[in-house]
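What follows is a short report on a single structure.
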């Protein structure tokens, strides 16, 4: 919401009146540089903050607070949701980090400006779209909890916010997710090749790749040649084809460039399924990775698996090239795509992983 001060006050006084940490007020108003705020100053504040209205006037009314929804997201509904979040929580930032094959934005949400830099992503694989739903539910609760000064496992969400910069990319593969959920795209030039790859079926629910039939999580330049040689598809397919060379696809490139630019301390890539956490690669993982994954295990009940026979994945590349902690978390159990009826169980088991990644 937008307010106007009817009298001058200090940042500390405004913090007391809104029950908001000063850093949240500053991040919501990046042009605010003085600790003394003058009369007539326009400010943006989170919609659900508790405001003592004395000396303040509402310019733009609050959005009606709605229940945090459990929902399936295609790309368009995700974009709309992110816009609403930015309006409700002005302390977050959003950035288009790249575009898909069909020119759909790949959006990063950034929360906080702390020294510890964490990255999370979901829906690398199209038929794992439920990862976006789970991630957005975590995010809603985190943002609301920051404003309300909530606690998780004796850790303050405000403190997590102040100590961490969270990079959050909930949908890496928007073209693929839309194909699974909505069917063939409007671009007619893709219809014939997609149908051919899918054995002439218009049911794309099992599709895993991007719109060109490239598996985005087999695209990274770490022993890519091994996966290229042993994967059964030797041409674009609904799943598992690594492409003609590493980082051939714009979606994979966007994530690689983001990682190189931001110097993340750790990354978490959310997939389905199996209730396992993969955390080691070629003995390149740092010692702290084991401490972190033990906390993940304790809070989720998921099984930590140090090494698997797999290469060319996003996490593999991050751990190998940067020697930092990286985790692939396989949410839920069953056969992909997991039914949305599993949402509540997945959320309850995995929310501790989200929060622990911020306070560890």
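Numbering (full-length UniProt numbering), first residue to last: 1 to 360. Just so you know, even glycine gets a beta-carbon here, dropped at the ideal spot from N, CA and C.
| query | Given that a residue counts as buried once 16 or more other Cβ atoms are within 10 Å of its Cβ, and exposed if not, what is residue 219? | reply | buried
| Mind checking residue 316: buried by the 16 CB within 10 Å criterion, or exposed? | buried
| task | Starting from residue 157, trace the alpha helix (DSSP H) both ways and give me its first and last residue. | result | 157-163
| task | Can you give me the start and stop residues for the alpha helix (DSSP H) that residue 109 sits inside? | result | That residue, residue 109, is in no alpha helix (DSSP H); its beta strand (DSSP E) goes 105-111.
| Sheet register partners of residue 116 (DSSP bridge) | 164
| task | Tell me, please, which residues DSSP counts as bridged to residue 270. | result | 122, 329
| residue 152 - DSSP class collapsed to helix/strand/coil | strand
| said: Could you compute how far the alpha carbon of residue 226 sits from the alpha carbon of residue 233? | reply: 13 Å
| Reference residue 328; option with closest CA among 279, 32, 303 | 279
| said: Threshold first: 4 residues or longer. Then list the alpha helix (DSSP H) segments lying entirely within the stretch 304-358, N to C. | reply: 314-322
| field | CA nearest to the CA of residue 273, picked from 336, 251, 283 | value | 336
| task | Leaving aside the five residues before and after residue 361 along the sequence, list all residues of the same chain whose C-beta is less than 7 Å from its C-beta, in chain order. | result | The displayed coordinates of the chain run from 1 to 360. Any statement about residue 361 would go beyond what the structure contains.
| said: For the ligand GDP, I want to know if residue 14 counts as a neighbour, meaning its beta carbon is within less than 7 Å of at least one of the ligand's heavy atoms. | reply: As far as ligands go, the structure on display features none, and thus does not contain the ligand GDP.
| message | Quick check: residue 124 and residue 314, are their CB atoms within less than 8 Å of each other? | response | yes
| In terms of residues, what are the limits of the beta strand (DSSP E) holding residue 98? | 93-99
| message | Using a Cβ-Cβ cutoff of less than 6 Å, which residues in the same chain neighbour residue 178 once the five nearest sequence positions on both sides are dropped? | response | 74, 75
| request: In angstroms with no decimal places, state the Cα-to-Cα distance between residue 191 and residue 109. | output: 32 Å
| said: Between 11, 48, 139, which has its C-alpha nearest residue 70's C-alpha? | reply: 139
| message | Can you look up residue 39 in the DSSP assignment and give me helix, strand or coil? | response | coil
| Between the beta-carbon of residue 223 and the beta-carbon of residue 325, is there less than 8 Å? | no
| Comparing alpha-carbon positions, which option in 98, 44, 117, 122 lies nearest residue 87? | 44
| query | Which residues share a DSSP beta bridge with residue 169? | reply | 121
| request: Look up residue 10 in the DSSP assignment and say whether it is helix, strand or coil. | output: strand
| request: Would you check if the distance between the CB atom of residue 89 and the CB atom of residue 46 is smaller than 8 Å? | output: yes
| Coil, strand or helix - residue 282 by DSSP | coil
| What are the start and end residues of the alpha helix (DSSP H) that includes residue 211? | Taken as a continuous stretch (DSSP letters only), residue 211 belongs to no alpha helix (DSSP H), as it is neither H nor E.
| field | Check whether residue 353 and residue 300 have beta carbons under 8 Å apart | value | yes
| said: Rounded to whole angstroms, what is the Cα-Cα separation between residue 162 and residue 15? | reply: 15 Å
| message | Can you find the residues in the same chain that come closer than 6 Å, C-beta to C-beta, to residue 289, ignoring five residues on each side of it along the sequence? | response | 279, 325
| field | Beta-carbon proximity list for residue 258, same chain, < 6 Å, skipping 5 on both sides | value | 97
| task | Using three-state DSSP, classify residue 44 as helix, strand or coil. | result | strand
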